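Visitor:
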Amino acid sequence: MDNNACLHEGAAAKAKRFFSFKTNDKLGILIALLLLVIVSSILSPSFLNANNLLNILRQNAMLGIVLLGMTLVIIGGGIDLSVGSTVAVCGLVAGYCMHLPFPIIFVAVLATGLAAGVVNGYLIAYQKMEPFIATLSSQIALRGLCLFLTGGTYISSVKSFSWLNGKIGIVSVPAILLVVMFVVFDALAVKTVFGRNVFAIGGGEVAAKLSGIKTRKVKMMTYVISGGLCALAALINVARLSTAEPLAASALEVDAIAAALVGGNSLLGGRGSISGAFLGLLVFAVLANLFNLIGLGASEQQIFKGIIIVIAVLISQRQKR
Amino acid sequence: MQEDYIVQMRGIRKQFPGVLALDGVDLSIRRNQIHAIVGENGAGKSTLMKVLSGIYAKDAGEILFDGKPVVFRSAMDARNAGIGLVHQEPQVVPTVSIAENICLGQLPHHKLFVDRRTLLEESARVCGYVGITKPVTMPAGRLSMGEQQLLQFARALYYKSRLIIMDEPTSSLTEHEKEHIFGIVRKLQGEGVTFVYITHRMEELFELCDEATVLKDGALVTTVKISEIDKKGLVNLMVGREVGLNFPPKAEAAGREVLRVENLTKAGLFHDVSFCVHAGEVVGFGGLIGAGRTEIMDAVFGMNPADSGKVFMNGKEVVVKSPKEAIAAKIAYVTEDRHSGMVMHASIRENMTLASLKTFVRHLFINEGTRTQTAEKFRKRLAIKAPGLSTPVDNLSGGNQQKVVFAKWLMQDADLYIFDEPTRGVDVGAKEEIYKLIRELTNAGKAAVVISSELPELIGMSDRILVVHNGAITGELPYQEATENIIIQYATGVMKNG
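Chains as they are written, first to last, in the numbering used here: chain A, 427 to 747; chain B, 26 to 523.
#1: Under DSSP, the beta strand (DSSP E) around F300/B begins and ends at which residues?
#2: How about A439/B: is its C-beta nearer than 8 Å to some C-beta of chain A?
#3: Pick helix, strand or coil for L284/B, following the three-state DSSP scheme.
#4: Figure out for me which residue from L389/B, L441/B, K461/B and N376/B has the closest Cα to the Cα of L421/B.
#5: Starting from V117/B, find everything on chain A with Cβ-Cβ shorter than 8 Å and list it in chain order.
#6: Which residues, taken in chain order from the stretch 694-711 of chain A, show a beta carbon closer than 7 Å to some beta carbon of chain B?
#7: Just to confirm the assignment, what range does the alpha helix (DSSP H) spanning L154/B have?
#8: Taking all protein chains shown into account, decide if I550/A is buried (16 or more other Cβ within 10 angstroms of its Cβ) or exposed.
#9: How about Y504/B and I443/B: are their beta carbons less than 8 Å apart?
#10: Along chain A, in chain order, which residues have C-beta atoms closer than 8 Å to that of L137/B?
#11: Taking the runs of the beta strand (DSSP E) that are 3 residues or longer, which of them lie wholly in the stretch 414-482 of chain B?
#12: Among K346/B, I62/B and N271/B, which residue has its Cα nearest to the Cα of V249/B?
#13: Closer than 8 Å, CB to CB, is M26/B near chain A or not?
#14: Does any CB atom of chain A fall closer than 8 Å to the CB of L132/B?
#15: Report yes if the C-beta distance between A686/A and K731/A is below 8 Å; otherwise report no.
#16: Are the C-beta atoms of M74/B and some chain A residue less than 8 Å apart?
#17: Between F310/B, S53/B, G315/B and A316/B, which has its C-alpha nearest I476/B's C-alpha?
#18: Flag this pair as yes or no: are the beta carbons of L182/B and R622/A separated by less than 8 Å?
#19: Taking the straight line between their C-alpha atoms, what separation do you get for G454/A and I741/A?
#20: In angstroms, rounded to a whole number, what distance separates the CA positions of D51/B and Q427/B?
#21: In the DSSP output, what is A124/B paired with across the bridge?
#22: For P557/A, is the classification buried or exposed, using 16 other Cβ atoms within 10 angstroms of its Cβ as the cut-off for buried?
#23: Quick one: does I733/A have its CB under 8 Å from some CB of chain B?
#24: Please check if any C-beta of chain B sits within less than 8 Å of the C-beta of F608/A.
#25: For I639/A, which residues in chain B fall below 8 Å Cβ to Cβ?
#26: Give me the subset of the stretch 97-109 of chain B whose CB atoms are less than 7 Å from a CB atom of chain A, sorted by chain position.
#27: Counting only beta-carbon atoms, is V121/B nearer than 8 Å to chain A?
#28: Taking 8 Å as the CB-CB limit, is E125/B close to chain A?
#29: Measuring only the C-alpha atoms, how far is H134/B from L614/A?
#30: Determine whether the Cβ of F528/A lies closer than 8 Å to any Cβ atom of chain B.
#31: When the cut-off is 8 Å and only beta carbons count, does I625/A lie next to chain B?
#32: Between V619/A, G521/A, A724/A and L493/A, which has its C-alpha nearest A534/A's C-alpha?
#33: Give me, in chain order, the residues of the same chain whose beta-carbon lies closer than 7 Å to that of F625/A; leave out the 5 immediate sequence neighbours on both sides.
#34: For L145/B and V151/B, what's the separation of their Cα atoms in angstroms?
#35: Look at I734/A and V688/A and say whether their C-beta atoms are less than 8 Å apart.
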């Protein structure tokens with residue numbers, strides 16, 4: 427009896443710590459980010475400037491939005507290598523539709539992204555194809571489609587929806603979108619039945635299936651969501667550059683996977699968080715910004731990126747033991 | 026008189042490719058009782074329960090639940106009807122919290138969102154009932170095996186199951202954990218829950234159950250009241266099938282001692298295991314699946330070394346910390362899972378010579394000529410049916426795959442050969458060939474250990490039989506004295522002489 431009462435009393439306190447074991451996972455990356463911010467502000471006085479900080483968010487909006495879908499897919503035990511090509515195809519669709527009213531552009535682009543996700547999801551969830559193979563194939567085929575459609579040329583002066591790259595007050599629209607979407611998706615992953623089911627499938631598909639979770643449907647949905655987010659990312663990218671190009675967003679999947687991993691997500695699935703991925707994104711974003719401010723090039727950045735991934739994953743593996 | 030049955034299954038039939046797993050089985054379970062399902066390995070116990078719980082679709086027959094015909098298309102259908110499952114291997118998502126594991130598949134929610142308060146309260150309530158004391162927010166992977174088993178009971182409670190099917194829930198638990206689970210079962214029975222209990226363990230069955238249904242080779246033998254039968258009577262119902270296999274003649278006399286094992290012990294798996302094997306002799310290891318036979322051989326071969334005890338080969342003590350030392354001491358081990366012993370997409374030749382590549386090396390390079398010749402020699406000797414040596418092994422039948430694995434170890438020229446379930450998934454003709462091959466080895470002065478769960482095979486193959494129960498050797502029988510009945514009695518712990 428005592429035991430029972432004790433458990434009940436504890437329930438309320440535990441409610442607060444519902445996600446506690448995840449905050450622990452993120453402590454390391456949070457510290458790393460803080461250190462980076464401190465170092466950056468010492469090395470470059472202009473770093474902590476509000477404009478600079480908002481700019482960091484704006485520049486990483488495309489990657490960040492794609493990262494949301496990627497993280498969801500990875501938590502579900504999969505991977506999506508097709509995001510870069512999907513963004514490029516969606517961008518071209520936006521370019522071809524640029525003279526149409528924005529709602530129509532939006533629907534057309536979204537439909538393109540979702541379609542790519544449906545194909546990936548169908549092959550993986552219903553045809554039991556390895557996620558790596560299915561999405562690698564789409565990556566190759568979609569990139570080919572982009573080059574085929576354009577003959578390798580650009581679609582320039584795509585300005586009909588450049589307000590997407592505008593500002594509300596001093597904050598740019600992509601930055602707002604990025605933050606809002608992260609909050610929404612973190613809630614999706616943490617608080618909805620769908621999100622919890624994605625975690626369950628990634629952590630143990632057989633147990634999830636035996637418990638009556640519609641594993642195929644849920645898995646498919648993660649890829650469809652990823653495709654839809656690629657569409658949104660494409661609109662932001664085209665609005666920013668005023669150009670739709672066939673080679674846009676090349677190797678975007680690499681950056682997205684890297685940020686997800688540094689944010690404590692495991693490629694084995696079932697472990698990780700959207701908020702962790704966001705911290706991962708910020709680590710790379712701040713690092714890139716710092717390197718630019720102190721005048722170091724892309725090659726140095728890349729070397730550091732690789733090293734950071736290794737260190738981050740080593741640390742998180744140690745924590746799990 | 027109207028009987029009160031919670032479940033009635035009639036004429037259940039289930040066909041798997043090549044095997045008729047259930048052949049018109051009837052099963053009636055009285056409400057609020059604990060009903061045991063018993064039978065030898067492969068009798069169809071688990072299949073029957075998977076049909077009942079919606080995991081397998083039946084090919085024919087009908088199921089009445091609470092007197093009404095039901096069709097369960099998935100595990101979820103059965104669960105919603107009030108049937109809960111406790112799997113032998115706990116079905117738990119290790120990365121997810123205990124709370125979410127309990128409510129897995131049916132998280133409490135308002136619209137799209139998880140209702141966290143209810144989730145935590147409900148899971149804490151059922152955890153309290155079954156005695157899980159860890160916080161429900163902890164990842165379930167940190168629970169012990171016993172606690173994960175309890176979690177499955179908590180889940181069945183959360184789903185308000187009225188019938189709980191337990192598939193050997195105690196097979197990996199300690200005595201204490203087992204008693205705890207039995208306490209919960211009795212408590213729930215007192216609250217009106219019905220149980221089906223699949224088990225091999227006679228003591229547990231007689232301790233807990235009201236009735237038992239006996240299955241054999243996918244068919245119903247009978248259903249008996251536990252109060253009206255004793256252990257020996259029940260064992261008699263489980264055994265006694267005719268197989269009609271031909272076995273090669275037995276050894277005339279055993280030669281010198283090849284292997285001697287003294288007091289081999291590994292915590293939780295087996296303890297104080299001592300035996301020896303002589304040249305020219307086939308020693309059979311009988312027992313139920315999970316009794317520890319494979320684990321003992323894994324230790325002898327160094328795959329999973331023992332905590333204490335000694336192993337002697339040809340009179341000399343050998344310390345086996347890994348298979349490398351075992352192979353050097355001339356021990357060969359054909360494992361239970363053929364697939365782990367083969368590269369499936371590689372050819373017969375590659376697979377046969379994989380472990381003995383060094384012997385074909387001349388001047389740094391592998392001499393492909395001798396390699397092919399040797400492989401061809403063994404293909405002929407073992408009569409492997411295949412288009413050629415370059416055929417990938419995954420195109421071969423189970424029996425021929427097994428022969429390829431044999432060939433690989435024969436090339437090693439060991440003194441002791443250990444075979445773990447050498448005829449599993451192999452048809453009758455190939456079985457007899459495998460028996461012959463093993464006997465040829467011992468006739469040539471080698472020693473052999475054969476683990477087999479098929480009793481006719483065990484008796485037919487062996488010169489001497491050791492029976493393992495709960496990680497200890499409980500019986501030793503020369504083949505002349507061995508009957509299925511006696512072996513089962515040793516294997517289920519009814520009888521002991523070790």
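Yeah, the Cβ is synthetic: ideal placement off N, Cα and C, and Gly gets one too. Please read these numbers as outputs of a predicted model, since none were measured by experiment.
Guide: The relevant details are as follows:
#1: As a working mapping, residue 300/B is identified with position 275 in the second sequence. Start and end: F295 to H303.
#2: Here residue 439/B refers to the residue found at position 414 of the second sequence. No, A439/B lies away from the interface with chain A (no Cβ there is under 8 Å from its Cβ).
#3: To locate residue 284/B, count along the second sequence from 1; it is residue 259. L284/B falls in the strand class under three-state DSSP.
#4: To locate residue 421/B, count along the second sequence from 1; it is residue 396. Nearest of L389/B, L441/B, K461/B and N376/B to L421/B, Cα basis: N376/B.
#5: Residue numbering aside, residue 117/B sits at position 92 when the second sequence is read from its first letter. Per Cβ cutoff of 8 Å: G630 and A633.
#6: Listed by position, the residues of the stretch 694-711 of chain A near chain B (Cβ gap below 7 Å) are G696 and R697.
#7: Numbered from 1 along the second sequence, position 129 holds the residue referred to as residue 154/B. The question names Leu, but residue 154/B is Tyr in the sequence shown. It spans R141 to V155 - the alpha helix (DSSP H) in which Y154/B sits, taken as one unbroken run.
#8: Indexing the first sequence from 1 puts residue 550/A at position 124. Result: buried.
#9: One-based indexing of the second sequence puts residue 504/B at position 479. One-based indexing of the second sequence puts residue 443/B at position 418. In this structure, I443/B does not lie closer than 8 Å to Y504/B by Cβ.
#10: By one-based count along the second sequence, residue 137/B stands at place 112. Those within 8 Å of L137/B in chain A are T618, V619 and F620.
#11: Counting only runs of 3+ residues, the beta strand (DSSP E) found wholly inside the stretch 414-482 of chain B occupies 441-445 and 472-476, in chain order.
#12: Position 224 of the second sequence, counted from the start, is the residue given in the question as residue 249/B. Selected option, being the one with the closest Cα: I62/B.
#13: Counted from its first residue, the second sequence places residue 26/B at position 1. Low local confidence applies: a pLDDT of 41 at M26/B is under 50, so the model's placement there is unreliable, with the coordinate-based value given in what follows. Chain A contact via Cβ: absent.
#14: Counting from 1 along the second sequence, the entry for residue 132/B is found at position 107. Chain A contact via Cβ: present.
#15: Counting from one through the first sequence, the residue named residue 686/A turns up at place 260. Counting from one through the first sequence, the residue named residue 731/A turns up at place 305. Contact: no.
#16: Along the second sequence, read from residue 1 onward, the residue named residue 74/B stands at position 49. It does not: the Cβ of M74/B has no partner Cβ on chain A nearer than 8 Å.
#17: The sequence position of residue 476/B within the second sequence is 451, counting from 1. Answer by Cα proximity: F310/B.
#18: Your numbering for residue 182/B matches position 157 in the second sequence. Your numbering for residue 622/A matches position 196 in the first sequence. Taking 8 Å as the Cβ cut-off, L182/B and R622/A do not qualify as a contacting pair.
#19: For the purposes of this step, residue 454/A is taken as residue 28 along the first sequence, with counting starting at 1. For the purposes of this step, residue 741/A is taken as residue 315 along the first sequence, with counting starting at 1. Near 8 Å, if we compare the C-alpha coordinates of I741/A and G454/A.
#20: Position 26 of the second sequence, counting from 1, holds the residue named residue 51/B. Position 402 of the second sequence, counting from 1, holds the residue named residue 427/B. Roughly 36 Å between the two C-alpha positions.
#21: As a first step, residue 124/B is located in the second sequence; it is residue number 99 there, counting from the start. Paired residue(s): none; A124/B is not in a bridge.
#22: Stepping through the first sequence from its first residue, residue 557/A is reached at position 131. Buried is the call here.
#23: Reading the first sequence from its first residue, position 307 is the one you call residue 733/A. Judged by the 8 Å Cβ criterion, I733/A is not in contact with chain B.
#24: The count along the first sequence starts at 1 and reaches residue 608/A at position 182. No - not a single Cβ of chain B is within 8 Å of the one on F608/A.
#25: Position 213 of the first sequence, counted from the first residue, corresponds to residue 639/A. Within 8 Å Cβ-Cβ: L129 and G130.
#26: For the stretch 97-109 of chain B, the residues whose beta carbon sits under 7 Å from a beta carbon of chain A are, in order, S99, A100, M101 and R104.
#27: Translated into positions along the second sequence, residue 121/B becomes position 96. Chain A contact via Cβ: present.
#28: For this step, residue 125/B is matched to residue 100 along the second sequence. Judged by the 8 Å Cβ criterion, E125/B is in contact with chain A.
#29: Taking the first residue of the second sequence as 1, we reach residue 134/B at position 109. Taking the first residue of the first sequence as 1, we reach residue 614/A at position 188. Taking the straight line from one Cα to the other gives about 13 Å.
#30: Position 102 of the first sequence, counted from the start, is the residue given in the question as residue 528/A. It does not: the Cβ of F528/A has no partner Cβ on chain B nearer than 8 Å.
#31: For the purposes of this step, residue 625/A is taken as the residue at position 199 of the first sequence. One point to set straight first is that residue 625/A is Phe, not Ile, in the sequence displayed. Closer than 8 Å: yes.
#32: For the purposes of this step, residue 534/A is taken as the residue at position 108 of the first sequence. Measuring from the Cα of A534/A, the nearest candidate turns out to be G521/A.
#33: Locating residue 625/A in the first sequence gives position 199, where the first residue counts as 1. The answer, listed in chain order, is I501 and G696.
#34: For the purposes of this step, residue 145/B is taken as the residue at position 120 of the second sequence. For the purposes of this step, residue 151/B is taken as the residue at position 126 of the second sequence. Distance between the alpha carbons of L145/B and V151/B is about 10 Å.
#35: As a first step, residue 734/A must be located in the first sequence, where it is residue number 308. As a first step, residue 688/A must be located in the first sequence, where it is residue number 262. Yes; because the gap between Cβ atoms is below 8 Å, this pair is in contact.
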